[in-house]
Amino acid sequence: MIHEHPLAYVLGLQGIALLQGFIGEHDRDFIEARLAEIRELLDNEQLTQAVEVTPVSTVDGYRTWSATYDSPSNPVFEMDVPILKEILADVPAGMALDAACGTGRYAELLAGQGHRVIGVDSSPDMLERARKRLPDSEFREGTLHHLPVDEVDLILCGLALTHNPDLGPIFAEFARVLRPGGHLVVVDMHPDAILRGSIPTVRGPKGEPCRVVTYRHSMGDYLRASLSNGLTVRRCEELRSASMLEKTDSPGPWDVWPWSLAALAPEAAYAATGPQMVIWHFQADILHTM
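Numbering-wise (the UniProt record's numbering), the sequence shown opens with residue 1 and increments by one.
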């Protein structure tokens with residue numbers, strides 16, 4: 001179980017902001033404002049009720065989330081497309097794999113760039129939506145550890161690696177599937193965003209609070225997993241949202257945590273906010289064989 005305490009979260013944001021002030025990133029007025037805000041937060045009785053949250057598998061979590069996954073209100077889906085289009089513009093059209101394809105959002109992008117697309121996902125509910133979205137593409141059930149494909153020119157894997165505890169075996173499978181000189185593009189939640197609680201929220205069958213099991217990998221974890229499997233880094237982008245939250249006085253319902261919690265202390269939250277997503281572009285060595 002995960003013990004999610006609203007006061008602990010907002011104090012954590014304040015702590016990050018104050019540490020930045022300690023090394024000179026903020027002035028005296030900012031620091032004093034944070035300390036005054038902390039005193040107010042400590043007196044806020046609405047922040048005393050913690051929630052016990054159950055981690056659930058991707059299959060169970062995405063079964064629920066698939067119905068609203070492509071909602072326009074999901075801001076993450078607006079951040080990565082410009083960079084992805086830049087990267088894909090330099091990759092010749094060929095056989096492309098959308099690994100952990102979900103509802104087919106990236107598969108649609110790949111098809112639009114002229115690629116022949118195969119999508120793979122472990123969630124039957126997501127695959128059903130992907131097939132309706134792109135009836136002319138092929139979608140197969142499978143996992144990142146055992147991809148049901150042979151050789152492809154390009155792999156695009158989005159927002160999936162954080163749900164796995166060890167990146168090494170997955171990158172080994174990517175290397176097995178990629179043709180020599182092939183390209184791998186990975187979009188993932190940035191480890192800083194995971195630290196700030198950017199983890200999918202779902203409700204269980206009885207309405208109980210659940211989050212899809214998620215792991216925080218360092219940037220070095222991605223490098224070690226890729227380089228040891230014959231993949232060279234071509235590009236790395238860290239994407240940050242620059243929007244400031246509007247201040248509120250209520251923690252809001254659990255379903256919108258941690259965003260509603262951050263709005264209790266928007267200046268501290270803005271200061272504490274780092275990159276939201278990371279995009280990696282790798283290329284398989286020409287002479288690399290598995």
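Using N, Cα and C, we set each Cβ at its ideal position, and we do this for glycine too.
Item: DSSP bridge partner residues for L184 (one or two, in chain order); Value: I155, F282
Item: Three-way DSSP call (helix, strand, coil) for E267 in this model; Value: helix
Item: Own chain partners of T143 with C-beta closer than 7 Å, once the 5 adjacent residues on each side are dropped; Value: S122
Item: Cβ pair count under 8 Å reaching 3, the region 238-251 against the region 77-92; Value: yes
Item: Beta-bridge pairing of M189 - partner residues as DSSP gives them; Value: M277
Item: Per-residue burial, I286 [other beta carbons within 10 Å of its own, 16 or more giving buried]; Value: exposed
Item: CB contact flag (Q276, H190, <8 Å); Value: yes
Item: Nearest candidate by alpha-carbon position, reference D43, set S137, L11, R63; Value: L11
Item: According to DSSP, residues forming a beta bridge with T201; Value: R211
Item: Boundaries (first-last residue) of the beta strand (DSSP E) holding D125; Value: Here D125 belongs to no beta strand (DSSP E); instead the alpha helix (DSSP H) covers 124-133.
Item: For I31, the first and last residue of its enclosing alpha helix (DSSP H); Value: 28-42
Item: Element boundaries [alpha helix (DSSP H), containing L18]; Value: 6-22
Item: Where the alpha helix (DSSP H) through G112 begins and ends; Value: 105-112
Item: Beta-carbon spacing of V97, I2 below 8 Å; Value: For the sequence presented, residue 97 should be read as Leu rather than Val. Not closer than 8 Å, so no.
Item: Simplified DSSP assignment, three categories, for T248; Value: coil
Item: C-alpha gap between I16 and A272, whole angstroms; Value: 6 Å
Item: Residue span of the beta strand (DSSP E) that contains D98, given as start and end; Value: 95-99
Item: Exposure label - D136; buried when at least 16 CB within 10 Å; Value: exposed
Item: Contact under 8 Å by Cβ, A263 with E246; Value: yes
Item: Beta-carbon proximity of C157 to A107, cut-off 8 Å; Value: no
Item: According to DSSP, residues forming a beta bridge with E141; Value: D121
Item: E54 vs P251 beta-carbon contact at 8 Å; Value: This sequence places Thr at residue 54; Glu is not what is there. No, the pair does not count as a contact, with Cβ atoms beyond the cut-off.
Item: Secondary structure of H3, DSSP reduced to three states; Value: strand
Item: Segment limits, alpha helix (DSSP H) that includes L223; Value: 219-227
Item: Where the beta strand (DSSP E) containing R234 begins and where it ends; Value: 231-239
Item: For Q49 and T58, the rounded distance between their alpha carbons; Value: 27 Å
Item: Inter-stretch contact (C-beta, 8 Å, three-pair minimum) for the region 174-181 and the region 147-154; Value: yes
Item: Start and end residues, alpha helix (DSSP H) containing P169; Value: 168-177
Item: Simplified DSSP assignment, three categories, for E52; Value: strand
Item: Per-residue burial, Q14 [other beta carbons within 10 Å of its own, 16 or more giving buried]; Value: buried
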